[in-house]
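Peer 1: Sharing a structure, written as structure tokens. Questions coming.
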Amino acid sequence: MAMKALDIYKLLPKTNCKKCGFPTCLAFAMKLASGKVDVDLCPDLDEQTRELLGGATRPPIRLVAIGAGERSFTVGEEFVLYRHERTFYHQPGLMMQVADTWPEERIEGVVARVRDETFHRVGEDLSVDGIAFRWESGDADRFGGVVGTVEACASVPEVIIADDPEAQAAALAHCGNFQPLIHAACADTAEAMCDLARKYGCALAVRAGDLEELKRLVGLCRDRGVENLMLDPAPATLRDFLARSVEIRRRAVERTDPDLGYPVVFDTVPLGLPDAATALGILKYAGVIIIDELGPASTMAALTLRQNIYTDPQKPIQVTPGLYPVNAPTGSAPVLMTVNFSLTYFTLLGYLEAAGIPCYLFIVDTEGMSVLTAVAGGKLTETLVADAIKTTELENRVDHRVLIIPGYAAPLSGKIEEETGWEVRVGPGDAAEIGEYLETGWEA
Amino acid sequence: MSEEHNPEPGNRILEVRLGATKAEGGTRERVYTVGGAGTFPFLGAGPAAGHPPRIALEICDDTRTWSPIVLREVGDLAEDTGAWAAAAETTFGADMVRLSFTSTRQRGFDDFASLGTTVEEVIGATKYPLIVEGSTEPAIDSEVYRRIGEAAEGERVLLGTAEADRYRSVAASALAYGHAVVAQTPIDINLAKQLNILLHETALPPERIVIDPYTGTLGYGFEYSYSVMERIRSVALQGDADLARPMISSAIDSLNVKEVREADPETADEVAIRWEFYAAFSALIAGAEIVCVRHPGTVALLREALRALLEGSHPQEEAYGDESA
Ligand code: B12
Ligand code: SF4
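Set out below in structure tokens:
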């Protein structure tokens with residue numbers, strides 16, 4: 002079970018010696034309780050206390066790294082079942098599969114997409130994370146050959162899907178040094194798979210439909226020296242995955258079953274229903290999701306869902322308030338007021354850049370609230386605007402006194418005019434119309 | 121850790137009945153019960169699983185603000201509300217139609233008689249329960265909801281939408297003509313609770329209320345909606361009776377977002393369908409009992425996904441067909 006800061010404090014030496022890097026034992030206890038530091042930082046604990054505190058304060062789900070280099074990623078180290086309880090930290094890696102029986106062009110097509118395709122949303126580049134190689138041919142050499150060919154032209158994280166240690170060995174001979182995920186060990190193959198995982202220092206997935214069997218496999222692998230493990234609950238349906246993944250996460254974060262404290266792998270391909278399975282994996286705790294060739298529309302929607310679900314619920318993605326020149330404006334350029342919610346900023350910026358009209362974006366601090374939300378919640382006010390005009394020295398930056406405000410902020414136009422002395426023009430509600438508005442309607 | 125993870129045994133989401141058969145004074149060949157679950161979505165079996173969620177296809181009586189992608193897809197149907205509604209059930213495979221009276225959104229709307237006529241037309245053309253959306257303008261609410269409610273008398277439609285500052289007309293109509301009500305609040309669990317209490321004071325029975333916690337579409341606030349639905353379900357199962365109601369989710373802005381609007385015409389349907397699907401599917405996982413979409417192509421995808429989530433948990437006839445018997 003997780004421990005509260007005060008209970009932890011009672012077990013610390015209470016000398017406030019600062020060797021842990023925190024000013025007091027209590028400060029350290031609070032960090033421990035939130036799972037943010039390791040108990041080993043305090044050198045003055047006896048073995049028993051160390052173990053007790055370690056079990057209660059270490060992240061309940063192990064952090065596992067997949068891949069090497071720029072696009073490598075980590076999963077695990079999650080603390081909650083619901084994002085509203087805190088946040089989710091490590092978004093799942095989406096791994097698009099290729100099979101070794103496919104014609105070369107088809108494999109190349111997928112590899113090129115994974116390597117090159119990105120979507121831009123809210124200032125972030127979103128892309129599929131890596132490639133999953135599926136052994137279908139029954140021929141270990143052929144499998145190794147395919148992995149080798151791809152390896153030569155794309156350095157992205159990988160999953161090697163083969164239940165046969167020989168096929169794994171053939172693939173790992175080409176890519177083992179780049180930390181692929183080995184998928185997956187079962188009772189018969191655990192020993193051989195562990196040897197491979199140790200040899201290359203890779204993470205290893207264990208696979209079983211039954212949670213007790215999963216735990217047994219975990220124990221087996223740990224005994225053979227492999228700690229970087231992932232769990233594949235071998236679902237036959239969406240319903241299976243949901244039930245098993247939720248149960249694994251629940252027991253892990255409640256710390257009732259430390260053997261289930263590993264991130265989950267979800268191989269969606271055998272289930273069909275690629276969109277539903279991918280969405281389910283994103284929502285319900287998968288750390289690695291093996292996906293089929295999703296079309297671009299599905300990929301974009303899936304990546305957007307992942308971005309949404311892994312946003313910290315306590316703080317919307319924000320931009321720094323201030324005055325932003327767009328398209329090289331001069332002193333006579335229009336000033337467009339908006340809020341500091343990232344989504345608003347990037348949406349607006351997209352349209353302004355497309356229109357090519359020089360202007361200033363004047364961003365006020367609404368604590369990351371969108372226009373309508375800020376107006377409704379009282380986060381956008383005339384005094385806020387007046388203060389922002391002063392701090393940005395707007396009066397010295399432009400040679401006119403006209404402020405264009407968002408259509409949805411129209412109810413504030415009179416008050417802003419009174420408070421600032423600037424002439425206020427109400428722009429369109431929809432940013433898509435901003436180009437046309439500036440071309441036809443704006444004159445200082 | 122958090123006690124929220126484990127529902128209190130015995131707590132259940134209230135059941136809401138939609139539609140009325142001949143024997144009950146309506147004309148529906150199918151009626152639905154939504155709600156009833158005692159667990160988080162799709163985790164229970166038997167009685168604790170509650171009733172299966174429903175997929176509604178949204179249509180409207182004035183297409184001027186409707187997505188051009190959908191209008192292209194449905195073609196002439198858009199000109200004939202009755203035929204569009206019938207196709208939603210038969211061709212597109214929806215569990216129910218959500219008819220939105222977009223005509224009432226135009227300035228100076230006063231053609232109240234047309235509302236009753238359209239409701240009758242749609243009732244005549246369909247066999248399953250209905251959701252009907254009225255105006256959003258307090259000045260005409262009373263007349264709009266009276267006409268709609270009256271024309272659908274006895275059919276037990278789900279009538280929308282009640283909001284904190286304008287719920288009386290909807291509630292009055294539901295009470296007078298025997299309908300249920302959609303209660304919408306902007307993504308906030310306390311506001312949702314308050315509105316239910318307000319509605320309770322109008323004497324509308326709790327088993328005639330469906331909560332709409334408001335769905336920001338994918339990429340545009342969806343994360344807030346997703347979490348508020350999870351929270352509502354969670355506290356409901358902890359025993360908060362004011363929130364133990366079925367939820368409805370409609371990401372009404374799905375087809376207006378940049379990604380969909382600006383999709384190239386050849387892939388626009390594909391993009392629209394996926395954008396709707398990812399939000400609606402996620403809403404189901406978060407606890408929505410009714411999900412609403414506008415592109416006919418989204419319905420089939422949702423249907424397949426639901427089938428895989430429900431497998432084995434419900435009697436076949438309830439999951440996919442008539443439960444009025
Ligand atoms: C997500 C969301 C939230 C999130 C906040 C997200 C955030 N970071 O802002 C949360 C859950 C916290 C929230 C809270 C509230 N919300 Co809210 N929320 C939404 C939702 C679903 C989406 C908002 C969004 O992200 N929009 C997308 C961004 C990009 O839009 P935007 O900032 O307006 O920018 C667009 C335009 O304004 C324009 N634009 C922007 N800048 C400029 C500048 C110029 C010059 C021009 C010309 C144009 C322009 O371009 C953009 C693209 O078109 C909306 C519904 C909706 N459809 O808008 C409700 C909504 C805005 N919320 C609403 C309400 C009432 C609230 C609350 C008051 C409720 C409460 N709990 O008390 C609170 C207030 C928060 C607070 N206490 O401060 C209402 C507002 C009602 C009204 N008409 O006034 C809405 C409309 C929902 C509804 N229908 O009831 N909300
Ligand atoms: S090192 Fe240990 S004893 Fe010293 S302040 Fe930190 S917790 Fe306390």
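Each protein sequence line maps, in turn, to chains W and Z.
Heads up, the final residue of the first sequence is numbered 445 in the numbering used here, and it's a clean run with no missing numbers.
Heads up, the final residue of the second sequence is numbered 445 in the numbering used here, and it's a clean run with no missing numbers.
Backbone N, C-alpha and C define an ideal beta-carbon position, used for all residues, glycine too.
What you are looking at is a predicted structure, and each value in this text was computed from that prediction instead of being measured.
Taking the alpha helix (DSSP H) that Glu-109 (chain W) falls in, what are its first and last residues?
Peer 2: Residues 105 to 117.
Peer 1: Is the Cβ of Asn-309 (chain W) closer than 8 Å to any Cβ of chain Z?
Peer 2: Closer than 8 Å to some Cβ of chain Z, the Cβ of Asn-309 (chain W) qualifies, so yes.
Peer 1: Do you know offhand how far Asp-389 (chain Z)'s Cα is from Glu-193 (chain Z)'s?
Peer 2: Asp-389 (chain Z) and Glu-193 (chain Z): Cα-Cα distance of roughly 8 Å.
Peer 1: So Ala-428 (chain Z) contacts chain W; which residues on that side make the cut at Cβ distance below 7 Å?
Peer 2: Result: Thr-238, Leu-239, Arg-240, Leu-274 and Ala-277.
Peer 1: Just list the residues that DSSP pairs Ala-188 (chain W) with in beta bridges.
Peer 2: DSSP lists no partner for Ala-188 (chain W).
Peer 1: In whole angstroms, what is the alpha-carbon distance linking Val-268 (chain Z) and Leu-363 (chain Z)?
Peer 2: Just to set this straight, residue 268 (chain Z) is Ile in the shown sequence, not Val. Ile-268 (chain Z) and Leu-363 (chain Z): Cα-Cα distance of roughly 27 Å.
Peer 1: Measure the alpha-carbon distance for Glu-257 (chain Z) versus Asp-366 (chain W) and round it to whole angstroms.
Peer 2: C-alpha separation (whole angstroms): 32 Å.
Peer 1: Check whether the Cβ atoms of Met-231 (chain W) and Val-270 (chain W) sit closer than 8 Å, and answer yes or no.
Peer 2: Going by C-beta atoms, Met-231 (chain W) is not nearer than 8 Å to Val-270 (chain W).
Peer 1: Using CA coordinates, which residue listed in W:Pro-412, W:Asn-309 and W:Pro-44 is at the minimum distance from His-85 (chain W)?
Peer 2: Measuring from the Cα of His-85 (chain W), the nearest candidate turns out to be W:Asn-309.
Peer 1: Considering only residues of the same chain and omitting the five flanking positions on each side of Ile-62 (chain W), which have a CB-CB separation below 7 Å?
Peer 2: So the list reads Gly-77, Glu-78, Glu-79, Ala-253, Gly-262, Tyr-263 and Pro-264, once near-sequence residues are dropped.
Peer 1: Grouping DSSP H, G and I as helix and E and B as strand, with all else coil, what is Thr-312 (chain W)?
Peer 2: Coil, per DSSP.
Peer 1: So, does the region 170 to 184 of chain W touch the region 295 to 309 of chain W, judging by three or more C-beta pairs under 8 Å?
Peer 2: Segments in contact, no.
Peer 1: Does ligand 1 have even one heavy atom less than 7 Å from the beta-carbon of Pro-407 (chain W)?
Peer 2: Yes.
Peer 1: How is Arg-199 (chain W) classed by DSSP in three states: helix, strand or coil?
Peer 2: If DSSP states are grouped into helix, strand and coil, Arg-199 (chain W) belongs with the helices.
Peer 1: For Lys-5 (chain W), count neighbouring Cβ atoms within 10 angstroms of its own Cβ and tell me buried if that reaches 16, exposed if not.
Peer 2: With fewer than 16 other Cβ atoms within 10 Å, it is exposed.
Peer 1: Is Met-97 (chain W) close to chain Z? Criterion is C-beta to C-beta, closer than 8 Å.
Peer 2: Met-97 (chain W) does not count as touching chain Z.
Peer 1: In whole angstroms, what is the alpha-carbon distance linking Gly-441 (chain Z) and Asp-332 (chain Z)?
Peer 2: For Gly-441 (chain Z), the predicted model reports a pLDDT of 48, less than 50, meaning its position is unreliable; a value from the coordinates is still stated below. Between Gly-441 (chain Z) and Asp-332 (chain Z), the C-alpha separation is close to 25 Å.
Peer 1: So, helix, strand or coil for Ile-358 (chain W), using DSSP?
Peer 2: DSSP places Ile-358 (chain W) in coil when its eight states are reduced to three.
Peer 1: So the candidates are W:Leu-272, W:Ala-432 and W:Gly-332; which of them puts its Cα closest to the Cα of Leu-353 (chain W)?
Peer 2: Residue W:Ala-432 is the option with its Cα nearest to Leu-353 (chain W).
Peer 1: Kindly say whether Val-391 (chain Z), judged by its beta-carbon, lies nearer than 8 Å to any beta-carbon of chain W.
Peer 2: Chain W contact via Cβ: present.
Peer 1: Rounded to whole angstroms, what is the Cα-Cα separation between Glu-137 (chain W) and Phe-397 (chain Z)?
Peer 2: Approximately 31 Å between the Cα atoms of the pair.
Peer 1: Go ahead and label Ser-333 (chain W) buried or exposed: buried means 16 or more other beta carbons lie within 10 angstroms of its beta carbon, across all protein chains shown.
Peer 2: Exposed: under 16 other Cβ atoms inside 10 Å.
Peer 1: Flag this pair as yes or no: are the beta carbons of Glu-274 (chain Z) and Gly-298 (chain Z) separated by less than 8 Å?
Peer 2: For the sequence presented, residue 274 (chain Z) should be read as Gly rather than Glu. It is a contact, given that the beta carbons lie within the stated cut-off.
Peer 1: Along chain Z, which residues have their Cβ under 7 Å away from the Cβ of Ala-298 (chain W)?
Peer 2: Chain Z residues near Ala-298 (chain W): Thr-387, Glu-390, Val-391 and Arg-394.
Peer 1: Looking at C-alpha atoms only, which residue of W:Ala-155, W:Glu-213 and W:Glu-106 is the closest neighbour of Ser-73 (chain W)?
Peer 2: Considering only alpha carbons, the answer is W:Ala-155.
Peer 1: Note down, in chain order, each residue of its chain lying with its Cβ closer than 7 Å to the Cβ of Leu-429 (chain Z), except the 5 sequence neighbours on either side.
Peer 2: Excluding residues within five positions, the ones whose Cβ falls inside 7 Å are Phe-162.
Peer 1: Which residues in the same chain have their Cβ closer than 6 Å to the Cβ of Ser-78 (chain Z), if we skip the five residues on either side of it in sequence?
Peer 2: Residue coverage of chain Z in this structure runs from 121 to 445, which leaves residue 78 (chain Z) outside it and unanswerable.
Peer 1: Is Thr-58 (chain W) near ligand 2 - that is, is its Cβ less than 7 Å away from at least one heavy atom of it?
Peer 2: No, ligand 2 has no heavy atom inside 7 Å of this Cβ.
Peer 1: Can you find a heavy atom of ligand 2 that lies under 7 Å from the Cβ of Thr-50 (chain W)?
Peer 2: No; taking the cut-off as 7 Å, the Cβ of Thr-50 (chain W) has no heavy atom of ligand 2 nearer than that.
Peer 1: Quick one: what's got a C-beta closer than 6 Å to Val-239 (chain Z)'s C-beta in the same chain, skipping five residues either side?
Peer 2: Cβ neighbours of Val-239 (chain Z) beyond the five flanking positions: Ile-268, Ala-271 and Ala-272.
Peer 1: Thinking just about the alpha-carbon of each residue, which of Z:Ala-205, Z:Ala-259 and Z:Ile-179 is nearest to the one in Ile-243 (chain Z)?
Peer 2: Of the listed residues, the one whose Cα sits closest to Ile-243 (chain Z) is Z:Ala-205.
Peer 1: Can you tell me whether DSSP reads Asp-332 (chain Z) as helix, strand or coil?
Peer 2: Reduced to three states, the DSSP call for Asp-332 (chain Z) is strand.
Peer 1: Per DSSP, which one or two residues make a beta bridge with Pro-370 (chain Z)?
Peer 2: As written in the sequence, residue 370 (chain Z) is Ser, which differs from the Pro given in the question. Bridge partners of Ser-370 (chain Z): Z:Cys-412.
Peer 1: Taking 8 Å as the CB-CB cut-off, is Tyr-83 (chain W) touching chain Z?
Peer 2: By this cut-off, Tyr-83 (chain W) is an interface position.
Peer 1: Less than 8 Å between CB atoms is the rule here; does Thr-348 (chain W) satisfy it with respect to chain Z?
Peer 2: Closer than 8 Å to some Cβ of chain Z, the Cβ of Thr-348 (chain W) qualifies, so yes.
Peer 1: Do Thr-305 (chain Z) and Ala-284 (chain Z) have their C-beta atoms within less than 8 Å of each other?
Peer 2: Taking 8 Å as the Cβ cut-off, Thr-305 (chain Z) and Ala-284 (chain Z) qualify as a contacting pair.
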